[in-house]
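**Student:** If you count the sequence shown from 1, you need to add 6 to reach our numbering. In this text, a Cβ means the ideal position worked out from N, Cα and C, and glycines have one as well. Every value quoted in this text rests on a predicted model; they were computed, and no experiment measured them.
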Amino acid sequence: MTSTNRVSEICANEGIDLIRLLFVTQSGAVRAHAVDVEKVDSAVETGVTISELVQTYNAFGRRDKDGRFDAAGEVILQPDPETFRRLPYADRAGAMLCDIKTLDGEPWAVDARSSLRALQTEFADAGLAPSVAFESEFHLFEQQDGESQRVGHRGAYSTASTRETHETILAITDALKTQEISVEKYYPEYAAGKHEIVTGHRSGLRAADDYVLLRETVDSVARKQGYQSTFVPKPFDNATAGCHIHLSLWDDDNVMYDADQQGLSRTGRQFVAGVLEHAPGLCGLAAPTANSYARLRPQYGAAAFACWGRGNREALVRIPAPDPQNPAGSTRIEFRAADNTANPYLGLLGLLAAGRDGIERDLEPPEPVAVDPGSLSEGQRADRGIDRLPQTLGEALDALEADTTLQRALGPDLFETYLGVKRSHWEAFTRSANSWQRDRLRSVY
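1. Tell me whether the segment 87-107 and the segment 65-74 touch, counting them as touching only if at least three CB pairs, one residue from each stretch, are closer than 8 Å.
2. Is D216 near the ligand ZN - that is, is its Cβ less than 7 Å away from at least one heavy atom of it?
3. To the nearest angstrom, how far is the alpha carbon of P239 from that of Y217?
4. Can you give me the Cβ contacts of Q32 inside the same chain, cut-off strictly under 7 Å, excluding the 5 residues immediately before and after it?
5. Going by the CB atoms, is the gap between R319 and I325 shorter than 8 Å?
6. Given a cut-off of 8 Å, decide if L291 and G210 are closer than it, judged by their beta-carbon atoms.
7. What span of residues does the alpha helix (DSSP H) with F140 cover, start to end?
8. Compute the Euclidean distance between the alpha carbons of M7 and S57, then round it to the nearest angstrom.
9. Can L255 and V261 be called in contact, C-beta distance under 8 Å?
10. Round the Cβ separation of I22 and R98 to the nearest angstrom and send it over; I've been treating them as touching at under 8 Å.
11. How about D345 and R301: do their beta carbons lie closer than 8 Å?
12. How big is the Cα-Cα spacing for K42 and L24?
13. Considering just the uninterrupted stretch of the alpha helix (DSSP H) at E222, what are its terminal residues?
14. Specify the secondary structure class of I339 as computed by DSSP and reduced to three states.
15. Using 8 Å as the threshold, is the C-beta distance between V224 and W314 below it?
16. What do you get for G248, buried or exposed, if any count of 16 or more other CB atoms within 10 angstroms of its CB means buried?
17. Contact between the segment 270-290 and the segment 399-409 is defined here as three or more beta-carbon pairs at a separation below 8 Å; is this criterion met?
18. Determine, using beta carbons only, whether L416 and E283 come nearer to each other than 8 Å.
19. According to DSSP, simplified to helix, strand and coil, what is M7?
20. Is D180 helix, strand or coil when you go by DSSP?
21. Counting C-beta neighbours from all protein chains within 10 Å, is the total for S167 16 or more, i.e. buried, or is it exposed?
22. How about F242: is its C-beta nearer than 8 Å to some C-beta of chain B?
23. Touch check for the segment 168-181 and the segment 200-208: three-plus C-beta pairs under 8 Å?
24. Looking only at its own chain, which residues have a Cβ that is under 7 Å from the Cβ of Q413, when we skip the five neighbours before and after it?
25. Within 10 Å of its beta-carbon, does R169 have 16 or more other beta-carbons around it, so buried, or fewer, so exposed?
26. By a C-beta neighbour count over all protein chains shown, 10 Å radius and 16 as the cutoff for buried, is A359 buried or exposed?
27. Quick check on the DSSP output: the alpha helix (DSSP H) that includes P350 runs from which residue to which?
28. Quick one: grab the DSSP three-state call for L109.
29. Which value, in whole angstroms, describes the spacing of the CA atoms of T410 and D363?
30. With respect to the beta strand (DSSP E) encompassing P28, which residues constitute its N-terminal and C-terminal limits?
31. Would DSSP call S441 helix, strand or coil?
32. For N260, write down the residues that DSSP places opposite it in a beta bridge.
33. Are the segment 74-89 and the segment 129-136 touching, with three or more C-beta to C-beta distances below 8 Å?
34. Exposed or buried, which one is P379 when buried takes at least 16 other CB atoms within 10 Å?
35. Using 8 Å for Cβ pairs, my map puts L354 next to V138. What's the rounded Cβ distance?
36. Do the segment 152-165 and the segment 184-203 meet, that is, are 3 or more Cβ pairs less than 8 Å apart?
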């Protein structure tokens, strides 16, 4: 978006005094340091020192004390000036996305953004460029008499909901466009208070950057409008929220498209096969909280089974109907198990690594599923090779730990750190579940 020597100039011209340096932790939380405009040039040139411990906190805000880092280590938060944005929802503020580097200036092996950048470079060396969009679902709610009340009427595409939240959604989409994030569609989803914003496709890394900015924008604008927002996978009864990842691969053309193969090329099918092959481990990256598995249930509007299908919204991988005016440009896959608790750089890294493995091994997926897999009997699913996805975070982490392809894609340092943080999340959850069961049983017996 801009060059190094232009950041301070833009800040001066637009009255920006504070610049947020954004990054995402292993837990999927967006974090920030901020620098004054007088320090922004030095921050871009040499970075800002932070503790290594920042990557060891789980989603409950608890440090993985058994992890590899302690209080002594430091790394550098290195802002990417190409990502500079003025923040339309925050007075006199701007933001940049950051890599994390070692004190020697090398990419830190534990940094997910740097790791995704490296994998994208490998794809480029092979003549392929990922085109990606994150399709984000979230809920708007407000507090009334100590209770959370969802904002909007229940019902898919409810016009009543669009009317009730129009000003807030308009403010969100305006703020996204101001940050040069294109908005292709918006609509209310089935559950009361649930909304979805579809942004345009970007290169892999830039798509993940845009997604981070979208999350910050939705939450900030909602608060200015008097509401709160949540991206939690299952925040309320009878309500879920996912983050579908749309992806295609390009050389000069879309290599996933072939008009003679019902629209999806052999490369596209190989990619799908790789995703299905690594589906259990991918869940450990893309659905990485205990709450994620309250969403990944049969006939719940989210994926519960490792299968694929054209237009099938209960399949793990959906092939959306292409634009009839541009089938070559719009053919893509949609990965439906991901949710907004994921670190987007890690989720996309895992998806790309799984699909590449399918291409390199010339895998062929099973026949596409044209019905809701939850409506089939267990025997029918077994005959068709349709496996249940992990049903808990613990199962997903076990699958991830056993997946050598995903291990190699993350590298030993990132893999070990991530797995440790997520194991601490699962252990904290199971401890609280045990105490909850004990306390409830005491009240009965």
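**Tutor:** In terms of the structure at hand:
1. no
2. Because no ligand of any kind appears in the structure shown, any question about the ligand ZN cannot be addressed here.
3. 16 Å
4. Q61, N349, T423, Y424 and V427
5. no
6. no
7. Careful: F140 lies outside any alpha helix (DSSP H), inside the beta strand (DSSP E) at A135 to Q150.
8. Since pLDDT at M7 reaches only 49, below the 50 mark, its modelled position is unreliable, and the value read off the structure follows with that caveat. Going by the C-alpha atoms only, they are around 28 Å apart.
9. yes
10. 6 Å
11. yes
12. The question names Lys, but residue 42 is Asp in the sequence shown. Answer to the nearest angstrom: the Cα atoms are 5 Å apart.
13. G210 to K230
14. strand
15. no
16. buried
17. yes
18. no
19. The predicted position of M7 is uncertain, since its pLDDT is 49 and thus under 50; a value taken from the coordinates is nonetheless stated next. Looking at M7 - three-state DSSP - the assignment turns out to be coil, as it is neither helix nor strand.
20. helix
21. buried
22. Among the chains in the structure shown there is no chain B, since it carries only a single protein chain.
23. yes
24. F421
25. exposed
26. buried
27. P350 to E366
28. coil
29. 11 Å
30. The amino acid occupying residue 28 in the given sequence is Leu; Pro does not appear at that position. Unbroken beta strand (DSSP E) run through L28: L24 to V30.
31. helix
32. W256
33. no
34. buried
35. 6 Å
36. yes
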